[in-house]
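All residue numbers in the sequence shown are consecutive under the numbering used here, ending with 404. Built from N, CA and C at the ideal position, the CB exists for glycine as well. Everything below concerns the one structure shown next.
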Amino acid sequence: MRALASYREAMLVAVRSVFSSKLRSFLTLLGVILATTTLIVVMSMVHGMDVYVGQQVSDMGTDGFQVQRIPLLGDFDPKKLLDLERKNPKLTLEEFQYLKSQLTLVREFGMSAAQGVSVHYRGQVMDGVGMTGVTANMAAISDLGVTAGRFITDFDDQRHTNVAFIGNDVRERYFRDSDAIGKTIMLNGKPFEVIGVSDKKGSAFGFSQDNFVMIPLGTFFKVFGAHSEASFSALALDHEHLDDAQDEVRVLLRAHRKLRPNQEDNFGLLSSSSLVALWDRITKTLATMAVGIVSVFMVVGGVVIMNIMLAVVTERTYEIGIRKAVGARNGDIMRQFLIESSLLSATGGLMGVLLAWLLTVLVRAVTPMPMAVPPSAVVVGVGVSALVGLFFGVYPAQRAAKLDPIHALRWER
């Protein structure tokens, strides 16, 4: 009980000391505030992108992969990207049909091509909707749920029928209070009958994943032309065959394009594992930068806290002498100053948390970055701040504890 009362008293003294000089405390904590803000903003970015990467991985599944015109992995090189845009040929329907007839290690192989479109219905216009031409198996490949109606079939694709499978945003805009199935919408002036509505998918990086319309791939090429960017999507026989399935696609496509052994692939493969590997590289870079910046700020903040605490010890020398004269032990004096420095630093951590939260709200409001402060970031930010105060408060606390009570009592005489 005596120890508990001692800690309570030390905490009350520390609180009074911190808030008795608000301006000095704030200036002392600038380094800790900036360090905590930086740490939590980076953690919020990582958390938001984790959600996005998790969504992408879940869409492809552990045994899914895509064939794309431009590889999305590796170090970002604008010059090389422009070179690939110029040199890499677009994926074609003929290549899709060839691969589909030759592949043995995939259970599903589909194709999609996309472009933007304006959706019209009864005089209302919805611009910037993503329109994708797809094969009938894309719902199974991308794990796309159906809320109402049905998905596109092989019959729709082969007969080039004008039917559309719409996302939840389009349904909410035009058919919030009515049944969308059977209604006719206009896609860039062409009539399409709504045959199905997708499950709501939410947003990623601030962009809605429900703002789309899907039509049969054959209809897409017939009505809108074959100039759009296309990609192939596949599901391996199982996760164990994923690497072998990708190798099979690579070999067949290289052979079909007559690439020599010394030539690089003029296409890219993207799987859930490669997406996760890319994200791991990005987060390691972000973490390294964050650790460097946070360490500098924390050290600067810690040194400032130590200097301020040394000044506090000097200011309160007479008080320390009084306390020792009435029975306070060295441990009591040391405990009081350690608690005070830790509380001071933790207060800076809390201010950094608040500032980081305001920044994440602002960034989320004006950019597509899906930032969110995870609870763990608050704990880490405040905890690290308190530890910094504790570490840099040890020397001032020891100096206060070792003061001779006789000399201390003479300080102000």
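Outcome for residue i when other beta-carbon atoms lying within 10 angstroms are tallied against a minimum of 16
i                 : result
leucine 349       : exposed
aspartate 134     : exposed
serine 224        : buried
arginine 404      : Its pLDDT being 47, under 50, arginine 404 is placed unreliably in this model, and the value from its coordinates should be taken loosely. Result: exposed.
glycine 22        : buried
methionine -8     : Confidence at methionine -8 is low in this model, with a pLDDT of 48, below 50, so its placement is unreliable and the value that follows should be read with caution. Methionine -8 comes out exposed.
glutamate 76      : exposed
aspartate 395     : exposed
lysine 315        : buried
methionine 362    : buried
glycine 119       : exposed
threonine 53      : exposed
alanine 337       : buried
leucine 90        : buried
phenylalanine 87  : buried
valine 282        : exposed
methionine 280    : exposed
arginine 307      : buried
histidine 398     : exposed
valine 317        : exposed
glycine 216       : exposed
phenylalanine 288 : buried
valine 108        : buried
glycine 193       : exposed
phenylalanine 17  : exposed
valine 357        : exposed
Rounded Cβ spacing between residue i and residue j (contact assumed at less than 8 Å)
i              : j              : result
leucine 226    : glutamate 99   : 4 Å
alanine 19     : leucine 335    : Per the sequence presented here, residue 19 reads as threonine, with alanine not at that position. Contact flag correct, Cβ pair sits at about 7 Å.
alanine 155    : valine 185     : 5 Å
isoleucine 157 : serine 189     : 7 Å
aspartate 160  : serine 199     : 6 Å
histidine 151  : lysine 191     : About 29 Å; that fails the 8 Å criterion.
valine 344     : threonine 27   : 6 Å
asparagine 202 : asparagine 79  : Actually they are not in contact, since the Cβ atoms of asparagine 202 and asparagine 79 sit about 28 Å apart, beyond 8 Å.
arginine 141   : glycine 187    : 5 Å
glycine 380    : isoleucine 296 : 6 Å
glycine 339    : glycine 293    : Wrong, their Cβ atoms sit about 10 Å apart, outside the cutoff.
Residue i vs residue j beta-carbon contact at 9 Å
i              : j              : result
valine 204     : isoleucine 176 : yes
leucine 260    : glutamine 93   : no
methionine 129 : leucine 178    : no
alanine 221    : threonine 83   : yes
valine 369     : isoleucine 31  : yes
valine 354     : methionine 34  : no
aspartate 148  : threonine 210  : yes
methionine 40  : threonine 274  : yes
isoleucine 311 : alanine 388    : no
glutamate 239  : threonine 95   : yes
serine 103     : leucine 228    : no
valine 304     : alanine 391    : yes
alanine 347    : valine 37      : no
asparagine 153 : isoleucine 206 : yes
serine 262     : methionine 300 : no
lysine 393     : asparagine 321 : yes
In DSSP terms, what residue i is bridged to
i              : result
threonine 175  : Glu184
glycine 107    : Gly121
glycine 101    : Ser224
glutamine 57   : Ser224 and Leu261
valine 154     : Glu184
valine 369     : Its beta-bridge partners do not exist; DSSP assigns none.
proline 387    : Answer is none; proline 387 lacks a bridge partner.
glycine 293    : Glycine 293 is not bridged to any residue.
methionine 205 : Thr123 and Phe156
valine 116     : His111
glycine 140    : Gly187
Residue i Cβ short of 8 Å to the ligand MG heavy atom set
i             : result
glutamate 255 : You won't find the ligand MG in this model; it holds no ligand whatsoever.
Taking 8 Å as the cut-off, does the stretch 130 to 150 touch the stretch 229 to 241 (at least 3 CB pairs, one atom from each stretch)? no
Does the structure place the stretch 53 to 60 close enough to the stretch 357 to 376 that three or more beta carbon pairs sit under 8 Å? no
Should the stretch 377 to 394 be regarded as contacting the stretch 322 to 329, the criterion being three or more beta carbon pairs within less than 8 Å? yes
Would you call the stretch 161 to 170 and the stretch 112 to 119 touching, i.e. three or more CB-CB distances under 8 Å? yes
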